[in-house]
Amino acid sequence: MNSSLLFITLLCLTFFSYWFGVKRSLKVAGGAEHKKNLTCLPQQFGLLTAMVCGLPALITLLIFNSVENTIIEQILATTLPANIQALSTIDLGLYLNNIRSIASSETITNLIKSIENQSLNNANLATLEQLKAALTLKELHQQVTWLKTSLVLVVAITSVIVLVRQFSITFKARQKAEAIIRTLLVASSGIAILTTLGIVISVLFESIQFFRSVPPTEFMFGTQWSPQTAMRVDQIGGSGSFGAVPLFAGTLLITFIAMLLAVPVGLMIAIYLSQYANTKLRRVAKPMLEVLAGIPTVVYGFFAALTVAPVIRNLGESFGLSVASESALAAGLVMGTMIIPFVSSLSEDAISAVPESLKEASLGMGATKSETVIKVLLPAALPGIVGAILLAISRAIGETMIVVMAAGMAANLTANPLDSVTTVTVQIVTLLTGDQEFDSPKTLAAFALGLMLFITTLGLNILALKVVRKYREQYD
Amino acid sequence: MNNLNIKENDLSELALTETVGNIYADNAKMSIRNADVYYGEKQAIHNISLDLAQHQVTALIGPSGCGKSTFLRCLNRMNDTIDICRVTGQLMLDNDDIYAKDLDPVLLRARVGMVFQKPNPFPKSIYDNVAYGARIHGLTNNKTELDEIVETSLQKAGLFNEVKDRLKEPGTGLSGGQQQRLCIARTIAVSPEVILMDEPASALDPIATAIIEELIDELKEKYTIAIVTHSMQQAARVSQHTAYFHMGKLVEMGKTEDIFTRPEHKLTENYITGRFG
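Residue numbers (this note's numbering), protein chains in the order written: chain A, 24 to 499; chain B, 11 to 287.
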């Protein structure tokens, strides 16, 4: 039985054990009419039985699946002839790969036939030993699958039997089921945390490897970015320089342009929607703004590259300015458009959270709407708005697709928005696309850039959270 | 059972009656005639007419949901902030129709100030709270004049001595009673003619309430005051005129001592003797 079939069987067993748990609990109670005797409801018994049936078996299945291939190959390696076992790890890996591909392309009967005929005339250049090994592999797989199936089913059934034997009138099925559910919930949140930790650690280790070949000071303060490394020892001009300053400068420039557009426009939208727009209009305008946030960034990307950039270049040329076809301005403006809904939606929440009584106090004294907004609502909502802006900035810094398509590749260190600049994310993409060796500084540089980016956005997010928390304490 | 009967009687009686007592004042600062207020389709105020006598305190009393706050908020057009609210009838401040098309609600609210149920100082300094209105209306030309307005307003609100050393501290740091007096000072600072108070002491302790009541008594020398209150004792203590509202209608209005000693209408009598409310 393969894993998916086994999984379905397990699912059926779980459903069945729910029903079984209900029935058993009723029997313990002395029939359905006496179910009031039980301290817990029959369906709680059922739920507990189902969970006790499904969960341990599922965990067994998962563990087995994750280790089974390693174990099989280790057993296989011991059966191989001594001269092959003596091979180096890499060669042995190749040999095993070969065997694996034979095993997956042939059925057991075919393999036996070929071994019996000793006919090596089929297209692959398999030796007799390889064929034999492939046969062993197949047989091992079969055995392991049987072992797995029986083990999982035995675990499922024994757990149910052990549980059901404990059933009594006072059995605390509800509390136990709740405890299991709580454990499940904790485990799920653990997954998110562990994944984050895992990513951070892997990026950190690769970065450390990078910093072994390029000193951190050069990386952080160098102003030259040309991440070429030599393919051959005697190659000229392939030394590479890894100064990340131009990349961060480019990122900051584009982010700055984006915020220059997104913050005022977003804020004004927020003010309009929360204070001026009537209910009908708000009901239409809010979802439309959210659609803006839902457009895939790649769409924004080609919008930036194909529509906005040429317009800006033509406009610039009509003023006699030379504008790069991939200007920071184009990328920044489109990114700003993308970020508008973030700013407007979060700021609107902040403004709406200002107590109505403050607004009434101001209006009641004869302040106009705009005076009220400027002098009372905005100052009171400022922490929330700052939080919104910081979140938007970290979003802008991490944004990739728009800049990949609309910003350039040239790592210019410039403050001129009409020039072409490149960003950290663009460079990470270029460094890692295509066939790359994972031990050269060129590829590892991507991890170092990723780490720096991660630290920056993490810092901004923490700052934003702190500001927002402070805001929460302000009223009440 | 008995209670239910009373309520049914009340309704039928109310449907038949007009306002009893005397709604007119000799020197009316505001006079309201046949005011109706609707929230969407629902009518919240039915045909109310009354006068607010100049330099006197008029108390609006009545059970919860009777429309007294709604009515109060019509007097400086605070209800404009509610989209679905519609006001008809004639509402006059001196000789100005406050719902006239060419009347600017912003200027109206400078003349008719409002103090709210919950103290709502801005999260600014005490000084800035009081100076707020004067600044937006451009009442002063320089800092000295503004200082003067802030000081006299705080003095009139009986708060100056308590806060004179900490004018730069946030107004939200004061006690509830002080906050409410700060809000009164803030309202006075724009020199309104009428002050509307919506249960100004309901969130305060008895001592702070007593201070506010004393203050209201002093303020009536300069301002015309309308106060919504749930406390019959408060109405009796601070007001010269009392209007009793019931289910969006004005049941009875008259001099406070008359209302509390010889109510003409059975509903008023029931309410002030505590039979319901």
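Virtual Cβ for every residue (Gly too), placed ideally from N, Cα, C.
- Residue-level contact check: residue 70/B does not touch chain A, since none of the beta carbons of chain A fall below 9 Å from its beta carbon.
- Residue nearest to residue 464/A within the set 335/A, 265/A, 156/A, 392/A is 265/A (criterion: CA-CA distance).
- For residue 61/B, the three-state secondary structure derived from DSSP is strand.
- In this structure, the CA atom of residue 370/A is about 37 Å from the CA atom of residue 237/B.
- Nearest neighbour of residue 184/B by Cα position, chosen from 131/B, 165/B, 154/B, 91/B, turns out to be 131/B.
- The beta carbon of residue 193/A lies closer than 8 Å to those of 62 in the same chain, with the five residues before and after it left out.
- Straight across, the Cα-Cα distance linking residue 122/A with residue 27/A is about 25 Å.
- Following the DSSP letters along the chain, one finds residue 252/B inside the beta strand (DSSP E) bounded by residues 251-256.
- Residue 86/B and residue 359/A have their alpha carbons spaced roughly 42 Å apart.
- Rounded to the nearest angstrom, the gap between the Cα atoms of residue 116/B and residue 391/A is 6 Å.
- Contacts with chain A (Cβ-Cβ distance below 7 Å) from the region 84-114 of chain B involve 86, 88, 91, 93, listed in chain order.
- Distance from the Cα of residue 31/A is smallest, within the candidate group 420/A, 81/A, 64/A, for 81/A.
- Straight-line spacing of the CA atoms in residue 49/A and residue 64/A works out to 9 Å.
- For residue 390/A, the chain B residues whose C-beta falls within less than 7 Å of its own C-beta are 146, listed in chain order.
- The Cβ neighbour count for residue 272/B, taken over all protein chains shown within 10 Å, is under 16; the residue is labelled exposed.
- Put simply, of 64/B, 92/B, 112/B, 62/B the residue whose alpha carbon is nearest the alpha carbon of residue 48/B is 92/B.
- Under a criterion of Cβ atoms nearer than 8 Å, the residues of chain B adjacent to residue 394/A are, in order, 146.
- Look at the region 116-134 of chain B: the residues with a C-beta under 7 Å from a C-beta of chain A are 116, 117, 119, 120, 123, 124, 126, 128, 130, 132, 133.
- In this structure, the straight-line span from the alpha carbon of residue 103/B to that of residue 481/A is close to 59 Å.
- Taking 9 Å as the CB threshold, residue 47/B stays off the interface with chain A.
- The contact set of residue 411/A on chain B, defined by CB atoms closer than 8 Å, is empty, because the minimum CB distance reaches about 19 Å.
- Pairing residue 175/A with residue 43/A gives a Cβ-Cβ distance that is not under 9 Å.
- Boundaries cannot be given for residue 176/B, as no alpha helix (DSSP H) includes it and DSSP labels it neither H nor E.
- Beyond the five residues adjoining it in sequence on each side, residue 83/A comes within less than 8 Å, by CB distance, of 174, 175, 178 in the same chain, given in chain order.
- If you look at residue 44/B, you'll find it in the beta strand (DSSP E) that goes 38-49.
- Here residue 208/B is bridged, per DSSP, to 238/B.
- The residue from 279/B, 42/B, 192/B with its alpha-carbon nearest to that of residue 106/B is 42/B.
- Secondary structure at residue 240/A: helix, using DSSP grouped into helix, strand and coil.
- Against chain B, the CB of residue 403/A has a partner CB under 9 Å away; the residue lies at that interface.
- Take residue 139/B, set aside five residues on each side of it, and the residues of its chain with a beta-carbon closer than 7 Å to its own are 131, 132, 181, 192, 196, in chain order.
- Within its own chain, the residues whose Cβ lies closer than 6 Å to the Cβ of residue 225/B, once the five positions on either side in sequence are excluded, are 168, listed in chain order.
- Spatial neighbours of residue 440/A in its own chain (CB-CB distance under 8 Å, excluding positions within 5 residues in sequence) are listed in chain order as 276, 280, 350, 351, 352, 355.
- Non-local C-beta neighbours of residue 46/B in its own chain, meaning closer than 7 Å and more than five positions away in sequence, comprise 53, 55, 56, 57, 98, 99, ordered along the chain.
- Between the alpha carbons of residue 409/A and residue 307/A lies a gap of roughly 26 Å.
- Separation of residue 311/A and residue 361/A (C-alpha to C-alpha, rounded to the nearest whole angstrom) is 13 Å.
- If you check each beta-carbon in the region 289-310 of chain A against every beta-carbon of chain B, the ones closer than 7 Å belong to 301, 302.
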